[in-house]
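Before any comments, here is the structure.
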Amino acid sequence: FNASLSRVTRQAGIETVFQYLALIPTLSIEENVFLNREHFVAGPAGWFRWMDRRRMRREVAEGLARFAVPLPPPDTKVASLSGGQMQIIAVARAFLWGSNIVLLDEPSARLGVGQIEELLHFVLQLKEHGVGVVFISHNMGQVLRVADRIVVLRLGERIFDLPRGSHTIRDLVQMQMLGRIEQP
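As numbered in our numbering, the sequence shown has no gaps in its residue numbers, which increase by one up to the final residue, 211.
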């Protein structure tokens, strides 16, 4: 992924969360959220500065509290979190940076059933807070739960662009696999 493109998309308020999380297990939740975006406090005469961990911890705690997400304190090491909690942290990191649009690439691919429920609940809460979510998935059941609009791609081409509720899971799978809906 091109670093300058990433900078441009972030400036436009667009963040991407890939299925392989870009989290560092040995760092805490707050350190992962603020990775490469740390807050600093200037020292005496401005020649020395250090990370403002208190401010970062407070901002993460306040941001996550808006969603009532059951997560441990922000100073908890990411290595001790479940897969679902890690995914929520990766998505929250995008949202906490003021993103207007969050792209989620197969966010539930490596999660268990309970963790998927936590993630889908969090995605619905993001939508309620006015964040545009692009949810990329092969799991049509999950797509139907969180999407307002469904775009089906096949071999890189848009096959269908539909409002939610206009088709069943079976229809969507057929569109994805066959490029059409087969009538019984």
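We put the beta carbon where it would ideally sit given N, CA and C, even for glycine.
| query | result |
| --- | --- |
| Could you check the C-alpha separation between residue 155 and residue 173 for me, to the nearest Å? | 11 angstroms |
| Here's the rule I'm using: 16 or more other beta-carbon atoms within 10 Å means buried, otherwise exposed. How should residue 42 be labelled? | buried |
| Taking only runs that begin and end inside the region 74-132, name each unbroken alpha helix (DSSP H) of 4 or more residues, in chain order. | 80-92 and 110-123 |
| Cutting at 8 angstroms between CB atoms, please list the residues of its own chain near residue 150, excluding the five before and the five after it. | 118, 131, 134, 160, 162 and 173 |
| Taking three-plus beta-carbon pairs below 8 angstroms as touching, is the region 191-199 in contact with the region 79-89? | no |
| If residue 137 and residue 59 are in contact, beta carbons under 8 angstroms, what's the gap, nearest whole angstrom? | With a Cβ gap of about 17 angstroms, residue 137 and residue 59 do not count as contacting. |
| So what's residue 150 in DSSP terms, helix, strand or just coil? | helix |
| When we look at the beta-carbon of residue 28 and count the other beta-carbons within 10 Å, is it buried (16 or more) or exposed? | Bear in mind that the predicted position of residue 28 carries a pLDDT of just 49, short of 50, making it unreliable; the figure below should be weighed with that in mind. So residue 28 counts as exposed. |
| Using the Cβ count rule (16 or more neighbours within 10 Å means buried), how would you classify residue 61? | buried |
| Could you tell me the alpha carbon to alpha carbon distance between residue 186 and residue 122, rounded to whole angstroms? | 30 angstroms |
| Can you give me the start and stop residues for the alpha helix (DSSP H) that residue 58 sits inside? | 56-60 |
| Count the other CB atoms within 10 Å of the CB of residue 184; is the residue buried (16 or more) or exposed (fewer)? | exposed |
| To the nearest whole angstrom, what separates the beta carbons of residue 102 and residue 65, a pair I think is in contact under 8 angstroms? | With a Cβ gap of about 15 angstroms, residue 102 and residue 65 do not count as contacting. |
| Can you tell which of 152, 182, 175 and 88 has its C-alpha closest to the C-alpha of residue 190? | 175 |
| Mapping DSSP to helix, strand and coil, what is residue 37? | helix |
| Where DSSP assigns a beta bridge to residue 181, which residues make up the other side? | 184 |
| Under 7 angstroms, do residue 114 and residue 98 count as touching if we go by C-beta distance? | no |
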